[in-house]
Structures are given as C-alpha cells and as structure tokens.
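Asks: Provided herewith is a single structure, encoded as structure tokens, for subsequent inquiry.
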C-alpha cells in the first residue's frame, strides 16, 4: 500500500446519490426552472417534424402553395422559439451549476480543515491535492456543462419518443426495439466504468503523493542517495496510472463503437416498416416521414446523453472521492467537553507507535507546571517531536493519558484547545493575502496596535514597516515574497495574538540565524511571561535558559531537572552539553 492509499475513504453509490440530491434541493427553484424551460424547448422542437409531415400530406393532396408557405412560416417560428428557450434553459442550468460547485468547494475546504493533522499526514498531501484539484475540477465541469446538457438532451429524447408513439404505436415500438443494442452496450459499460475511474483516480493520487513527497524531501533524497529508489517508485506509479487510463479508454472505445453502429438501425427499420404499412394503407406517407424525422432527431440528444453518461462515470468517481471526506474521522471532539480546571499538563504512562514503525514513546511520565519553561532535549529519533504532538492534541496516545487541567488534551473542542495549547514548528505557511490577513487568522478582533505589538515582540516590526503598504502589503503570489525567517516570525506573531497559556516550540526558530533566533525566543518569552513554554531544544542555549530540562532517549524520559543539576550529575545531558559547548567554542 502506498502512502495515502485507502486511508481517505471513498463514498459509495448511495452516499453519492444522497449528496447529489442534497445539492439539488439546496437550489431547487433554479433546478425546477431549468426543467420547465427544457421541457418547453423540447416540446417546441417536436412541432417542426410534425409540420414537415403535414407539408408532405398537403403536397400529395395537391393543395395550394399558400398552405405550404403558412406551414413553413410556423416551422421557422418554432425553430426560433426552441433556440431561445434552449439558451434560456442553459443559462439557468449554468448558474445552477456554478452555485452548486461553489457549495462543493466550500464543503471540501471545511471537511479538509476538520481532518485531524495525523489523518492528513498518514494519508499524504498527494491524495488531498488530487481530490481538491483534479476531482473537484471534474465535478465542476459536470455541474457547469455536463449536467445542464444532460438535462436538456434527456428531456428532448423523452419528448421525441413520446411523439413517435403518439404518432403510431407500432412504429414507436419498432424504433425503441432498434435501440436495444445501445441499451446492452450501456449496461456492459456501466458495470465496469465506475471501478475503472476510481482506480484511475487512486493512481493519480499515488503519482501526486510521490511527486509531492520527493519534492518536499529533495535534500534528504540527495543526502542519502535515494534518487534511484524515488525514480523507480515514480516510474512504477506512472505505469500503474497509465494502465488504469488505458483500461478506461478501452471501455470508451468499445462502448462508442457499439453506439455508432446502432444509430442507423431505428431510422432504417421505421422507413422499411412504414413503407410496408403504407402499401397496405395502414399509415400515410406524412406519418412515416414524421416518424423517421423524429427518430433521426432522436439520435442527436441520444448521442449527447451517451457522451454525458460516459463523462458522468468519471465525474461520479471524482464526486465519490470528494464526498468521501465526509466519512473521514473528524478532528473536533464532542460538544460540551469539560473545561480544564487549571493549566497544569500531566503525561502519565504514555506509549505511542506509528502505523508503519515501531514504538516511539515507551511509558513517558511528565508534569509541566503552569508558567514553567521546559526544554525537551535528546538525540534525533528520541521521541521529542512525537511528545510535542501529543501535548498539542494532534495525536492521541496509544496508551496512557495526556491531560491539561485534568481533561484529556485530544478531547478538547478546537476553540478551547487553541486557547490552551499551541504548537509552533519550523514549517510555516504564509497565506495569500496581506500581512494583516495573515495575523488576523489568530485573533480576528485584534486592533492595529495589537498587531504591531505582536510583530514587535518577535522582532518583525522593522521589515513589515519597510513594506510598501505596511500591514496592508500583499504577500505570496503576486505580492511581496517572504523568506523562511520572515515566515517564522509571522507564525510567532500569530502565537502572541492567539494568547494560549501553553506554547510548544518545535524547532520554531530553526530557519533564523542564531542572533535573530535568540532575540525572537527571548522576545516571545517576555510576552508570554507567566505562561507555560515547552521548547523542543535543538540548540542547547534554549535548555540553559529553561526552568527545567527533560532528556529523551529512545522514547523514554531518562532525566529531568535544572540545567545546573543535570550538568553536575554527569549523565546524558551533561554529555550533550559538553559536546555542544565544545562545538560552540570551536566555532567561535
């Protein structure tokens, strides 16, 4: 199983149908208007062939040219009315599609934001990216183009069939019988298409995940000589994607070939049967011509319907992947969860294992007192980052408890959790928008004075004041670019604005130069005076400044105490300190 494969659910057919009906009901008036207008357009379109049949009968009866002229004028008027009604119906249908697509996009974003971070990480960003781009785009095309066109042509086809039966039941039955091969081909295709398109979508997600993971870990790939493995994995994923695409292409090839061959059967059959019936005076020539024209006219909407049905299989698979997020586990906890009694954090007997790895934490016990500054140190892979994720409520422990004020952290409602604990890592995102927009995410009610105070606290006020429009300067694509240190400073300013009682810093200043990082850490500590700060320390000067130091080794908490006491004890921390202090002195 590749990263992300099968972890995010796919909606079944019943759920997809219910979701589609829910979207239709949300804009039911527009959908009903489109139906009515399409029915009127289709009804108007039926008048033309009937008038042609009348003309044939009038000519055979040797009536005057005036009658033919009058009928011809009515044909032109009906054709004009059909065009106007059809365009009006498409306009209403397209507006319905755009509004519905907006709802689909909004629901998708809400569902993605509600996913626990651990679920997103296990699934991989590739699958989410593919669902949010390619799949949503396919659904959008269906709602904007395929849906309205299918509606138009379905109404037209039904009206034509009813008209043929009303004209002569025998000819109508014979014409429908001639469509049997199309029905058989359609059933054959529909039994295979959905699974084929779902497999194609999964393969696309796999390719996207491998590309995203390789790009994100490019330095690691080069450092460990993994280039060949990543190329091989990419090639395998691309080959699987190609196979799934060739399979769906083969389905379309067989299906459309059968359809094209069958189109001529109903018209030819009705002409032959109509001629035989006319010889026996059972039907007039005008009725035979009208029936043949109706069936010839029927092939156009039928062709469009079958084309749209093929597109609907792809769209249905995409919609199933988009709607599948509704079944994914939610990050929110039960409403009305208990309010923490205080700010004390307790870790008791915590163990944790990742799905594809061994045990990362092995029975960790720790108490973090309110207002304490705790540094967590240890070698790479000791479990420091995993512990920080459990403290922040991102992951749940496999066993044991992590509580704040006596309440399990992972069970706190999102709004309560954000006011209790905030995790800041070295991975920061600058959102598309102004500096002000990027800061107001943390506290929408903040004033300009509060924004500047937060920027000043983390040492970012100077470069923000130097921007062309200050707080209103646009950032990201099309705006001012920010480097890694500036992005981190914006993230730290958001922490100041969020004003939690506990801040967990995991390499939060890793991309800043040492002098700037130390200034940012001290400024943040000054702003958070009296609050709890847990620093995953990779630079031991952070541990030196902490109230206590927790030493992690192989998933266990092996030492806990003040910096001076641990150095004097001569244990693992003392060894780390001597090594780091010696390297620092040598570097100086």
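Numbering (the UniProt record's numbering), first residue to last: 1 to 588. The beta carbon of each residue, even a glycine, is placed where N, CA and C say it ideally should be. These figures come from a predicted structure and were not determined experimentally.
If the criterion is Cβ atoms closer than 8 Å, does the pair residue 590 and residue 139 meet it?
Replies: A query on residue 590 cannot be resolved here, the shown segment of the chain reaching from 1 to 588 and no further.
Asks: Unbroken beta strand (DSSP E) runs of length 3 or more, entirely within the region 178 to 214: which are they?
Replies: None, since the region 178 to 214 contains no complete beta strand (DSSP E) of that length.
Asks: Considering only their Cβ atoms, is the gap separating residue 433 from residue 412 smaller than 8 Å?
Replies: Residue 412 sits at position 412 when you count from the first residue of the chain shown. Residue 433 sits at position 433 when you count from the first residue of the chain shown. No, they are not a contact pair.
Asks: For my contact list, residue 209 and residue 127 are in at a C-beta cut-off of 8 Å; report their separation, rounded to the angstrom.
Replies: Here residue 209 refers to the residue found at position 209 of the chain shown. Here residue 127 refers to the residue found at position 127 of the chain shown. Between residue 127 and residue 209 the Cβ distance is about 6 Å, and since that is below 8 Å, they are a contact.
Asks: Consult DSSP for residue 169 and reduce its assignment to one of helix, strand or coil.
Replies: Along the chain shown, one-based indexing puts residue 169 at 169. It is helical.
Asks: Tell me residue 368's beta-bridge partners as DSSP assigns them.
Replies: Position 368 of the chain shown, counting from 1, holds the residue named residue 368. The partner list for residue 368 (beta bridge, DSSP) reads 345.
Asks: Among residues of its own chain, excluding the 5 on either side of residue 362, which ones have a beta-carbon nearer than 7 Å to its beta-carbon?
Replies: By one-based count along the chain shown, residue 362 stands at place 362. Here the set comprises 351, 555 and 556.
Asks: Which residues mark the beginning and the end of the beta strand (DSSP E) in which residue 553 is found?
Replies: Here residue 553 refers to the residue found at position 553 when the chain shown is read from its first residue. Counting along the chain, the beta strand (DSSP E) containing residue 553 begins and ends at 548 to 553.
Asks: Are the CB atoms of residue 317 and residue 11 within a distance shorter than 8 Å?
Replies: The residue labelled residue 11 in the question sits at position 11 within the chain shown. The residue labelled residue 317 in the question sits at position 317 within the chain shown. No. Outside cutoff.
Asks: Could you have a look at residue 506 and say whether DSSP puts it in helix, strand or coil?
Replies: Against the chain shown, residue 506 aligns to sequence position 506. Here residue 506 sits in strand by DSSP.
Asks: Distance, Cα to Cα, residue 260 vs residue 279?
Replies: Numbered from 1 along the chain shown, position 260 holds the residue referred to as residue 260. Numbered from 1 along the chain shown, position 279 holds the residue referred to as residue 279. Cα to Cα, the separation comes out at about 31 Å.
Asks: Quick one: using the 10 Å Cβ neighbour count with 16 as the cut-off for buried, is residue 212 buried or exposed?
Replies: Counting from one through the chain shown, the residue named residue 212 turns up at place 212. It is buried - the Cβ of residue 212 has at least 16 other Cβ atoms within 10 Å.
Asks: Of the choices 194, 93 and 41, whose alpha-carbon is the least far from that of residue 32?
Replies: Numbered from its first residue, the chain shown carries residue 32 at position 32. Checking every option, the nearest Cα to that of residue 32 belongs to 93.
Asks: Would you report the Cα separation of residue 287 and residue 129, rounded to the nearest angstrom?
Replies: In the chain shown, residue 287 corresponds to position 287, counting from 1. In the chain shown, residue 129 corresponds to position 129, counting from 1. Going by the C-alpha atoms only, they are around 57 Å apart.
Asks: Which residue or residues does DSSP assign as beta-bridge partners of residue 362?
Replies: Mapped onto the chain shown, residue 362 falls at position 362. DSSP lists 351 as partners of residue 362.
Asks: To the nearest angstrom, how far is it from the Cα of residue 135 to the Cα of residue 205?
Replies: For this step, residue 135 is matched to residue 135 along the chain shown. For this step, residue 205 is matched to residue 205 along the chain shown. Going from the Cα of residue 135 to the Cα of residue 205 covers about 10 Å.
Asks: Check residue 559 in the structure and name its three-state DSSP category.
Replies: Start at 1 with the first residue of the chain shown, and residue 559 comes out as number 559. Three-state result, residue 559: strand.
Asks: How many angstroms separate the CA atom of residue 577 from the CA atom of residue 364?
Replies: Position 577 of the chain shown, counted from the start, is the residue given in the question as residue 577. Position 364 of the chain shown, counted from the start, is the residue given in the question as residue 364. Those two C-alpha atoms are separated by around 23 Å.
Asks: Beta-carbon within less than 6 Å of residue 88's beta-carbon, same chain only, minus the 5 sequence neighbours each way: which residues are those?
Replies: Here residue 88 refers to the residue found at position 88 when the chain shown is read from its first residue. Correct list, in chain order: 37.
Asks: Identify the continuous beta strand (DSSP E) that holds residue 399 and give its terminal residues.
Replies: For the purposes of this step, residue 399 is taken as residue 399 along the chain shown, with counting starting at 1. First-last of the beta strand (DSSP E) with residue 399: 399 to 404.
Asks: From the DSSP output, in three-state form, read off residue 481 for me.
Replies: The count along the chain shown starts at 1 and reaches residue 481 at position 481. Coil at residue 481, not helix or strand.
Asks: What number of angstroms, rounded off, separates the C-alpha of residue 464 from the C-alpha of residue 436?
Replies: In the chain shown, residue 464 corresponds to position 464, counting from 1. In the chain shown, residue 436 corresponds to position 436, counting from 1. So the alpha carbons of these two residues sit roughly 10 Å apart.
Asks: How many angstroms separate the CA atom of residue 40 from the CA atom of residue 181?
Replies: Looking up residue 40 in the chain shown gives position 40. Looking up residue 181 in the chain shown gives position 181. Rounded to whole angstroms, residue 40 to residue 181 spans 30 Å at the Cα level.
Asks: How many angstroms separate the CA atom of residue 575 from the CA atom of residue 548?
Replies: Here residue 575 refers to the residue found at position 575 of the chain shown. Here residue 548 refers to the residue found at position 548 of the chain shown. The straight-line gap from Cα to Cα measures roughly 17 Å.
Asks: Counting Cβ pairs closer than 8 Å, one from the region 11 to 24 and one from the region 62 to 79, do we hit at least three?
Replies: With the cut-off at 8 Å, the region 11 to 24 and the region 62 to 79 do not touch.
Asks: Which of the three DSSP states, helix, strand or coil, is assigned to residue 536?
Replies: Here residue 536 corresponds to residue number 536 of the chain shown, with the count starting at 1. If DSSP states are grouped into helix, strand and coil, residue 536 belongs with the strands.
Asks: According to DSSP, is residue 373 part of a helix, a strand, or is it coil?
Replies: Taking the chain shown and counting its residues from 1, the one referred to as residue 373 is at position 373. Looking at residue 373 - three-state DSSP - the assignment turns out to be strand.
Asks: DSSP three-state call for residue 447: helix, strand or coil?
Replies: For the purposes of this step, residue 447 is taken as residue 447 along the chain shown, with counting starting at 1. In this structure, residue 447 counts as coil in the three-state DSSP scheme.
Asks: Could you round the C-beta distance between residue 185 and residue 258 to whole angstroms and report it? I think they count as a contact, below 8 Å.
Replies: Numbered from 1 along the chain shown, position 185 holds the residue referred to as residue 185. Numbered from 1 along the chain shown, position 258 holds the residue referred to as residue 258. Confirmed, Cβ separation roughly 4 Å.
Asks: Going by beta-carbon coordinates alone, are residue 500 and residue 419 separated by less than 8 Å?
Replies: Stepping through the chain shown from its first residue, residue 500 is reached at position 500. Stepping through the chain shown from its first residue, residue 419 is reached at position 419. Yes, the pair counts as a contact, with Cβ atoms nearer than the cut-off.
Asks: Whose CA, out of 303, 460, 344 and 289, lies closest to the CA of residue 56?
Replies: In the chain shown, counting from the first residue as 1, residue 56 sits at position 56. Comparing Cα positions, the closest option is 289.
Asks: Out of 256, 348 and 314, which one is the CA nearest neighbour of residue 304?
Replies: By 1-based counting over the chain shown, the position of residue 304 is 304. Cα-wise, what sits closest to residue 304 is 256.
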